[in-house]
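Participant: Mapped onto the working numbering, the consecutive letters of the sequence shown carry residue numbers 5 to 281.
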Amino acid sequence: LMLGRTPGNIQAIRPMKDGVIADFYVTEKMLQHFIKQVHNNSFFRPSPRVLVCVPVGATQVERRAIRESAMGAGAREVYLIEEPMAAAIGAGLPVSEATGSMVVDIGGGTTEVAIISLNGVVYSSSVRIGGDKFDDAIINYVRRNYGSLIGEATAERIKHTIGTAYPGDEVLEIEVRGRNLAEGVPRSFTLNSNEILEALQEPLSGIVSAVMVALEQSPPELASDISERGMVLTGGGALLRDLDRLLMQETGIPVMVAEDPLTCVARGGGKALEMIK
Numbered sequence: 005l006m007l008g009r010t011p012g013n014i015q016a017i018r019p020m021k022d023g024v025i026a027d028f029y030v031t032e033k034m035l036q037h038f039i040k041q042v043h044n045n046s047f048f049r050p051s052p053r054v055l056v057c058v059p060v061g062a063t064q065v066e067r068r069a070i071r072e073s074a075m076g077a078g079a080r081e082v083y084l085i086e087e088p089m090a091a092a093i094g095a096g097l098p099v100s101e102a103t104g105s106m107v108v109d110i111g112g113g114t115t116e117v118a119i120i121s122l123n124g125v126v127y128s129s130s131v132r133i134g135g136d137k138f139d140d141a142i143i144n145y146v147r148r149n150y151g152s153l154i155g156e157a158t159a160e161r162i163k164h165t166i167g168t169a170y171p172g173d174e175v176l177e178i179e180v181r182g183r184n185l186a187e188g189v190p191r192s193f194t195l196n197s198n199e200i201l202e203a204l205q206e207p208l209s210g211i212v213s214a215v216m217v218a219l220e221q222s223p224p225e226l227a228s229d230i231s232e233r234g235m236v237l238t239g240g241g242a243l244l245r246d247l248d249r250l251l252m253q254e255t256g257i258p259v260m261v262a263e264d265p266l267t268c269v270a271r272g273g274g275k276a277l278e279m280i281k
């Protein structure tokens, strides 16, 4: 909420970008705050164990930076789990069974696609497309078509209010204020859901492509399981209107949005940590 709204003497920053650390020092301070919030009276208690969910595409350097940040923040032990596995656990998928489960986790910075069986990831991929890219696409569309500049918070509000991934019968509208680039002053204009659908075509195509590649790469027996049981969408991006309908249309496979998709990764990570002795 503070991005784009701070005075000159205050800088709003994002410690994490595209699912990995963008600012090592600030990330460590943020983790210290989180640990302190949930681990009060730590004078008489040992430092906590911490599990961090990472994108499947995170490099060894990025994973080491995450681990070192958590240790520097006061963690006693640090475990890493890949986001789609945590998402699958949080969504209640039967990850320990000898059957194929497919999860598509659409976060702010990345989309993680994975096929899981017997507590292992059989196939996984990560593309740096997520909610942030949706917002960027909306900002660019408004600049290109309306000659106006809007901020990330406004783009996110547009996405949540009228964003859609598939043509629908009902056309939704929203009034937006942005700075007219030619005149340099604020101007109001109206956007509709068909325009946002057009704006989101590029990032949506990237997600569809990642899902199609996963299906093509899956072993035949697991592909049979997935075609019967479908795939599950998790993450905040799963809340984009009719994204499940788009993927169902493109793949011919049932698509379900997980219950409370926004917290699936966090809940799955918590369950995974409980299982680690």
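Don't be surprised by glycine CBs; every beta carbon is placed ideally from N, CA and C.
How many angstroms separate the CA atom of residue 1 from the CA atom of residue 88?
Facilitator: In this structure the chain extends from 5 to 281, so residue 1 is not present and cannot be described.
Participant: Does residue 29 pass the burial test, meaning 16 or more other C-beta atoms within 10 Å, or should it be called exposed?
Facilitator: Along the sequence shown, one-based indexing puts residue 29 at 25. Answer is exposed; the Cβ neighbour count stays below 16.
Participant: Please state whether DSSP places residue 127 in a helix, a strand or coil.
Facilitator: Locating residue 127 in the sequence shown gives position 123, counting from the first residue. Here residue 127 sits in strand by DSSP.
Participant: As a quick exercise: from 122, 194 and 279, pick the residue whose alpha carbon is nearest that of residue 177.
Facilitator: One-based indexing of the sequence shown puts residue 177 at position 173. Answer by Cα proximity: 194.
Participant: In the DSSP assignment, the beta strand (DSSP E) including residue 177 goes from what residue to what residue?
Facilitator: Taking the sequence shown and counting its residues from 1, the one referred to as residue 177 is at position 173. Segment 177-184, the beta strand (DSSP E) holding residue 177.
Participant: Counting only the same chain and skipping the five closest in sequence on each side, list residues whose C-beta sits under 8 Å from that of residue 253.
Facilitator: Working through the sequence shown from its first residue, we reach residue 253 at position 249. Result list for residue 253: 170, in chain order.
Participant: Would you tell me roughly how many angstroms separate the C-alpha atoms of residue 184 and residue 158, rounded to the nearest one?
Facilitator: By one-based count along the sequence shown, residue 184 stands at place 180. By one-based count along the sequence shown, residue 158 stands at place 154. Roughly 15 Å between the two C-alpha positions.
Participant: State the start and end residues of the unbroken alpha helix (DSSP H) segment that holds residue 66.
Facilitator: Locating residue 66 in the sequence shown gives position 62, counting from the first residue. Residues 64-76.
Participant: Report the CB separation of residue 60 from residue 130 in whole angstroms; it is logged as a contact under 8 Å.
Facilitator: Within the sequence shown, numbered from 1, the residue matching residue 60 stands at position 56. Within the sequence shown, numbered from 1, the residue matching residue 130 stands at position 126. Their Cβ separation, rounded to whole angstroms, is 4 Å, which keeps residue 60 and residue 130 in contact under 8 Å.
Participant: Identify the continuous alpha helix (DSSP H) that holds residue 145 and give its terminal residues.
Facilitator: Position 141 of the sequence shown, counted from the start, is the residue given in the question as residue 145. Segment 135-150, the alpha helix (DSSP H) holding residue 145.
Participant: At which residues does the beta strand (DSSP E) containing residue 204 begin and terminate?
Facilitator: Walking along the sequence shown from the start, residue 204 turns up at place 200. Here residue 204 belongs to no beta strand (DSSP E), and DSSP marks it neither H nor E.
Participant: Three or more beta-carbon pairs under 8 Å between the stretch 101-121 and the stretch 74-87, yes or no?
Facilitator: Judged by Cβ distances under 8 Å, the stretch 101-121 makes contact with the stretch 74-87, as three or more pairs qualify.
Participant: Report the three-state DSSP secondary structure of residue 105 (helix, strand or coil).
Facilitator: As a first step, residue 105 must be located in the sequence shown, where it is residue number 101. It is a strand residue.
Participant: Give the DSSP bridge partners of residue 86, in chain order.
Facilitator: In the sequence shown, counting from the first residue as 1, residue 86 sits at position 82. Answer is 58.
Participant: When the Cβ atoms of the stretch 224-242 are set against those of the stretch 100-108, are three or more pairs found closer than 8 Å?
Facilitator: Touching, yes.
Participant: Measure the C-alpha to C-alpha separation of residue 55 and residue 166 and round it to an integer number of angstroms.
Facilitator: Locating residue 55 in the sequence shown gives position 51, counting from the first residue. Locating residue 166 in the sequence shown gives position 162, counting from the first residue. Their backbone Cα atoms lie some 35 Å apart in a straight line.
Participant: In this structure, does DSSP put residue 30 in helix, strand or coil?
Facilitator: Counting from 1 along the sequence shown, the entry for residue 30 is found at position 26. Helix at residue 30.
Participant: Taking Cβ to Cβ, would you say residue 172 is nearer than 9 Å to residue 197?
Facilitator: One-based indexing of the sequence shown puts residue 172 at position 168. One-based indexing of the sequence shown puts residue 197 at position 193. A contact, by the Cβ cut-off of 9 Å.
Participant: Shortest alpha-carbon distance to residue 278 belongs to which of 94, 126, 19 and 67?
Facilitator: Within the sequence shown, residue 278 is the residue found at index 274, counting from 1. Residue 94 is the option with its Cα nearest to residue 278.
Participant: With residue 269 as the anchor, note down where its alpha helix (DSSP H) starts and where it stops.
Facilitator: Within the sequence shown, residue 269 is the residue found at index 265, counting from 1. Element bounds for residue 269: 268-279.
Participant: Would you kindly work out how many angstroms separate the C-alpha atoms of residue 37 and residue 50, rounded to a whole number?
Facilitator: Taking the sequence shown and counting its residues from 1, the one referred to as residue 37 is at position 33. Taking the sequence shown and counting its residues from 1, the one referred to as residue 50 is at position 46. Spanning the two alpha carbons is a distance of roughly 16 Å.
Participant: Under 8 Å by Cβ, that's how I've got residue 230 and residue 257 pegged, so tell me the actual separation to the nearest angstrom.
Facilitator: What you label residue 230 is simply residue 226 of the sequence shown in a count that begins at 1. What you label residue 257 is simply residue 253 of the sequence shown in a count that begins at 1. Sure, about 6 Å apart at Cβ, within 8 Å.
Participant: The beta strand (DSSP E) that contains residue 116, what's its start and end?
Facilitator: Stepping through the sequence shown from its first residue, residue 116 is reached at position 112. 115-121 is the extent of the beta strand (DSSP E) around residue 116.
Participant: For residue 73 and residue 32, which I take to be in contact (beta-carbon distance under 8 Å), what is that distance rounded to the nearest angstrom?
Facilitator: Here residue 73 refers to the residue found at position 69 when the sequence shown is read from its first residue. Here residue 32 refers to the residue found at position 28 when the sequence shown is read from its first residue. So it is a contact: roughly 5 Å between Cβ atoms.
Participant: Kindly list the residues whose CB is nearer than 8 Å to the CB of residue 71, restricted to its own chain and excluding five residues on each side of it in sequence; keep chain order.
Facilitator: Along the sequence shown, one-based indexing puts residue 71 at 67. These residues qualify, in order along the chain: 56, 82 and 84.
Participant: Which word fits residue 11, buried or exposed, when buried means at least 16 other C-beta atoms lie within 10 angstroms of its C-beta?
Facilitator: As a working note, residue 11 is residue 7 in the sequence shown. It is exposed - the Cβ of residue 11 has fewer than 16 other Cβ atoms within 10 Å.
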